[in-house]
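Numbering (mature numbering (1 follows the signal peptide of the UniProt record, and there is no 0)), first residue to last: -17 to -1, 1 to 169.
If you want it as structure tokens, here you go:
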């Protein structure tokens, strides 16, 4: 009987859990099926976070539906976690139309310049960490040019992990500490 009562008492708390726990404090109205987070650094903006993770600003704002800071021009709290991926990137199901219709649209993406030097690839992939590219180059120089982007993306993701962990534990200068761990100074 006690186990049943205890289980029922915990049920509301389980419903409030995120699909993947944030590394630091998250706004209480953040979507529940968030699966990837970024801890805000002092130089982050909603636009820079959106651009870095390849999501639209509208998607980023949708992950925080009631957040008044978004309406007021994106006032991020340094160290807080912000959702950058919903449901492991799996798009929500779309309803099937009741009648059959055929439509066709064609769009072409604007061509973008492909970085060719290892430094350019680093700066393209490292987002807000691109200031550390000169000391992170050695981590990917031994790789073939076709995987430089993946290598630097991995370095940036690792830096983000350490920075988030630092903020979560009340650290200071977390961005530089993360860079020192992942790309030590020579």
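For every residue, glycine included, the Cβ atom is placed at its ideal position computed from N, Cα and C.
Since we're looking at a predicted model, the values are computed, not measured.
Identity of the residue in the options nearest residue i by Cα
i           : options              : result
residue 123 : 138, 115, 70 and 111 : 138
residue 37  : 109, 142, -1 and 14  : 109
residue 11  : 32, 27, 65 and 39    : 65
residue 27  : 14, 58 and 13        : 58
residue 166 : 156, -1, 154 and 141 : 141
residue 169 : 47, 32 and 115       : 115
residue 13  : 47, 118, 155 and 159 : 47
residue 20  : 31, 41 and 63        : 63
Per-residue DSSP class, three states only, for residue i
i           : result
residue 14  : coil
residue 165 : helix
residue 65  : strand
residue 144 : helix
residue 112 : helix
residue 21  : strand
residue 9   : strand
residue 118 : helix
residue 2   : coil
residue 149 : helix
residue 47  : coil
residue 40  : helix
residue 125 : coil
Same chain only: Cβ atoms within 8 Å of residue i, ignoring 5 sequence neighbours per side
i           : result
residue 101 : 120, 123, 124, 128 and 131
residue 18  : 2, 3, 68, 69, 70, 71 and 72
residue -1  : 15
residue 39  : 33
residue 118 : 162, 166, 167, 168 and 169
Beta-carbon contacts of residue i that lie in its chain and below 6 Å, excluding the five residues immediately before and after
i           : result
residue 107 : 98
residue 61  : 23 and 25
residue 145 : 161 and 164
residue 126 : 134
residue 113 : 106
Chain C contact for residue i (CB, 7 Å cutoff)
i          : result
residue 58 : The structure shown contains no chain C, having only a single protein chain.
Own chain partners of residue i with C-beta closer than 7 Å, once the 5 adjacent residues on each side are dropped
i           : result
residue 35  : 110 and 111
residue 104 : 98, 131, 132 and 135
residue 157 : 146, 149 and 150
Tell me whether the segment 4 to 13 and the segment 137 to 150 touch, counting them as touching only if at least three CB pairs, one residue from each stretch, are closer than 8 Å. yes
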